[in-house]
Amino acid sequence: MKSIERVSTGLQGADTVIDFLRLGDNVVWQVDSLEAYSFAVDEFARQAVSEGRRLLYIHFGSHPRLLDESALKNAGADFQVYPIDASMGFESFTSTVHQIITTEGRYAFYVFDCLSELLQYWCSDLMTGNFFQVTCPYLFELDTIAYFGLYRNAHAQDTVARIREVTQLLLNLYTIDQQYYLHPLKVWERYSPVMFLPHLLTKGTAECITDSTSTAELFSRLQIQTKKLDYWDISFEEAKPYLNAPVSEQAYIKENLLNLLIGKRSRITSLSREYFTLNDLIQIESREIGTGYIGGKSVGMLLARKILETQSPGICTEHLEMHDSYYIGSDVFYTYIVQNGCWRLRMKQKTEEEYFSAAPKLREKLLSGHFPTSIKEQIMVMLEYFGQSPIIVRSSSLLEDNFGNAFAGKYDSVFCPNQGTPEERYHVFMEAVRKVYASTMSREALEYRQNRGLAQKDEQMALLVQRVSGDYHGNYFFPHCAGVGNSSNLFVWDKTTDPSKGMLRLVFGMGTRAVDRVNTDYPRIVTLDKPERPPLLAYGDERKFSQHYVDVINLEENKFQTIPLEEAAGLPLKTNTRLFLEPDSELARYFRETGQRGRKIPDIANFARLLRHTDFAKTMDHILTVLSGIYDYPVDIEFTCNFNKQEDYRVNLLQCRPLQTRGLGKTIELPEKLDKSQCYFTSTGNFMGGNVRLPVHYIIFVKIGPYLELNEQQKYAIANQIGTLNRILKNKHAILIGPGRWGTTTAALGVPVRFTDLCNMDVICEVSYENLGLMPELSCGSHFFQDIIESNIFYAALFQSDPNVYFNEEKILRKENILDSLLAESKEEIIYSDVIHVIDTKEDGSEIYSDIIKQKLICTDKYQ
């Protein structure tokens, strides 16, 4: 129950009109000028000081301070100024205000600068309304009284309506002929027959204007707009007349729009400033839903295309597929959080104590929220534009795809087959948006942000909505091929490979099987210096270590689906199938030799004709070279490629981001004469991480025999125990060696750790056991690959059937297993010392050496 204590505004006439203030009141003054707001603030502050109230001033505007701190303190006021930089963004600004209110507690009196001042920093009515909607209720709960200003006719009607909805008092204050007129629009839980009429404020009184003649004359002198554009819309409308102006005259306008859409991140913004024209920025905004930044993934895609259009117009004309993407602005994400009552929970989740514990509840709320009507209408227009074409909703957060933080695979992307009635398609799309928003609270995303010192950074989620690249093939929709490309080949497997020429990770069908470490499948690795080079055939037959399944969109069943390669091969592909698929020659030879000539020879996805008889690889090499040259940094791209009956093709560039690399490093002097008994392993090729010489103080080894005897639940327990060791041995020079693939989701193919379970290792090694079906997967370009190189982890694959590989398992097992002592304080219920063998090698002076030029890798005790 709120207190009914009456509090004066300092204006006797105003007190009479509104029946005084109450504790808990938020008072919004709509004014024509800062001077008018200052008039109301001065009287309120003077009254508060005279009553001995605790008075706080939240100063964020560019104007001089409304209250004189020294004068108030000299008068004995209990007064505090909190200057806050609004340019740090909505979340940081709002969080700071929230912390101040929490610290100050109950019964404080507040004066805020005019809310309209926030527009110059955020350029968004939407965010101004969001700030008020999360701040006002908190002040109300604490029995404060707070003053806010709002410039009349400076905001969209929807923003004023949202403010009116939550405030207790909304008062118009007009200035006419140096006199002030008060016109209350909302006064919560107070009423009188003349309360909502205009009043002339005179000294000590308020004269109500009741006659129609005076009222009409008064309001005829006021400039009242019934329809108002959002500040954001105004900024872009005002830019359009400059389209035909000289470039020098466009500079200021262009910079303003650049800051609105892309932000002030130095390296990406600098490239955007160089390549985007004013017309480009206006066109981008015309396809934006809501307001705010379009996010890292959208910027990367658009910037890469613009660079290619500028640097290689011929390639674009001949081989680049157009895009018609939409962008859901980052402001929509915060609005969704605010309007679904999640802001206070988000503030809890941002604290160190509840960083992980509050996330599941917030995730649950994000999955079930509703959207503002204005956003719904814009989304419906977009869906009408796409019709029944399949689309994908992709995360495009502010920190994503930036220099230093790729966030590869940390947030969801959701395919929408987009079949059915408009209402059904709309419902499915909105569910997809909710899923991407909720993925910001996934454990993996939270751990990634925490590990990279980003836990307290603003992470607004914009969205990129793209038409899925591909075509109808029977009841399925998919591109002919897709994949990822790196401008630097960080993983080479023989001396003849030129790492500077880059590589592709290529699959048939949807590119999801290229960006993930897909169980049972091996994408085709293409080295762009020699595209026809076979991928490690010495380590197993081509069919076994190739693609067996294809990701598609099933249009008939309206879902994303995985089908066998054999089924996809039989579909009408509208081009030469042999570009991608060829009969398995080894299996054909086997059938002939065993008298089975009549048997059907299944296809294998080796892309031999594509790489041998088209200039596809040359085009991809050119694209990567141009982009990395302009970025002055290695790049990572995602792409699709579609062909016609004449075997002409179009590449759709879906994404481009800086590729984090360690670089070659200084040349390392390798031990010249090796005693193999001192070595843990040696290899020629098949490693990633440049030239290194690293100390090895601990080796963690998962033994293949005992591991395979475990059931699936126990194998996941092994993964958890590796995670415990990862935390214990952080910064202690540990290397991790295990069978098959680290990070697989199929425990039969390796150890199913999450990346955060091995992120503190200096080195990870994947060991092949071909006869048992466990093989490393050279996952260049995958999300797992991105995590490894971002975390500066050296990677090696040890193919034991290769004569140039030596793995001394017995040397590890002869040394004492210290697992029990390491886990003594970890409270692990079961310690798997029969499966996990950990040795301490500090006394042996063990080191790992690599030379990228010689393609040599050695892990050995100190060389005598």
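Per UniProt numbering: the sequence shown = residues 1 to 864. Just so you know, even glycine gets a beta-carbon here, dropped at the ideal spot from N, CA and C.
| query | result |
| --- | --- |
| N-terminal and C-terminal residue of the beta strand (DSSP E) that Lys-842 is part of | Element bounds for Lys-842: n/a, residue is neither H nor E. |
| Given 8 Å, three or more beta-carbon pairs between the segment 127-147 and the segment 102-114 | yes |
| Own chain, CB closer than 6 Å to Asp-861, minus 5 neighbours either side, in chain order | Gln-678, Asp-844 and Ser-846 |
| Nearest-angstrom Cα separation, counted from Arg-650 out to Cys-316 | 9 Å |
| Alpha helix (DSSP H) segment containing Asn-256, residue limits | 247-261 |
| Assigned exposure category for Glu-5 - 16 Cβ within 10 Å defines buried | exposed |
| Between the CA atoms of Glu-810 and Glu-353 - distance to the nearest angstrom | 45 Å |
| Closer than 8 Å: Ile-858 CB and nearest the ligand SAM heavy atom | Because no ligand of any kind appears in the structure shown, any question about the ligand SAM cannot be addressed here. |
| Helix, strand or coil at Trp-29 [DSSP, three-state] | strand |
| Nearest to Glu-647 (by Cα), restricted to the options Gly-773, Asn-576 and Gln-450 | Asn-576 |
| Under 9 Å between C-beta atoms of Leu-281 and Leu-257 | yes |
| Whole-angstrom distance between Leu-528 and Ser-235, CA atom to CA atom | 45 Å |
| Nearest-angstrom Cβ-Cβ length linking Pro-739 and Tyr-769, presumed shorter than 8 Å | 5 Å |
| Alpha helix (DSSP H) segment containing Leu-627, residue limits | 616-631 |
| Arg-106 versus Leu-201 - alpha carbon distance | 31 Å |
| DSSP bridge partner residues for Gln-561 (one or two, in chain order) | Val-552 |
| Reference Arg-578, options Asn-558, Phe-607 and Val-550, closest by Cα | Phe-607 |
| Assigned secondary structure, Ala-796 (DSSP; H/G/I helix, E/B strand, else coil) | strand |
| Residue from His-63, Val-835, Leu-55 and Trp-232 with nearest C-alpha to Glu-69 | Leu-55 |
| Contact check, Tyr-549 vs Asp-521, beta carbons under 9 Å | yes |
| Coil, strand or helix - Asn-153 by DSSP | coil |
| Close beta carbons around Trp-29, own chain, < 6 Å, minus the five adjacent residues each side | Tyr-37, Ala-40, Gly-149, Leu-171 and Leu-173 |
| Residue interval of the beta strand (DSSP E) (run including Leu-654) | 649-658 |
| Whether Arg-22 touches Gln-168 by CB criterion (9 Å) | yes |
| Distance, Arg-524 Cα to Ser-546 Cα | 7 Å |
| Assigned exposure category for Asp-584 - 16 Cβ within 10 Å defines buried | buried |
| Reduced DSSP category for Cys-123 - H, G, I as helix; E, B as strand; rest coil | coil |
| Residues near Thr-159 in its chain [Cβ-Cβ closer than 8 Å; skip 5 each side] | Asp-125, Leu-126, Thr-128, Gly-129 and Asp-230 |
| Simplified DSSP state of Arg-6, which is helix, strand or coil | strand |
| Beta strand (DSSP E) segments (min. 3 residues) lying fully within the segment 257-340 | 326-328 |
| Cβ-based burial, Val-552 [other Cβ within 10 Å; buried from 16] | buried |
| Cutoff 8 Å; reference Ser-92; Cβ partners in own chain excluding five residues on either side | Asp-458 |
| Inter-residue CB distance, Ala-462 and Gly-570 (contact presumed, cutoff 8 Å) | Incorrect: roughly 40 Å between the Cβ atoms, too far for contact. |
| Tyr-191 burial status per 10 Å Cβ neighbour count (16 or more: buried) | exposed |
| Residue from Val-332, Ser-357 and Leu-362 whose Cα sits closest to the Cα of Arg-346 | Leu-362 |
| Selection from Ala-206, Asp-757, Arg-727 and Leu-772 that minimises the alpha carbon distance to Tyr-707 | Leu-772 |
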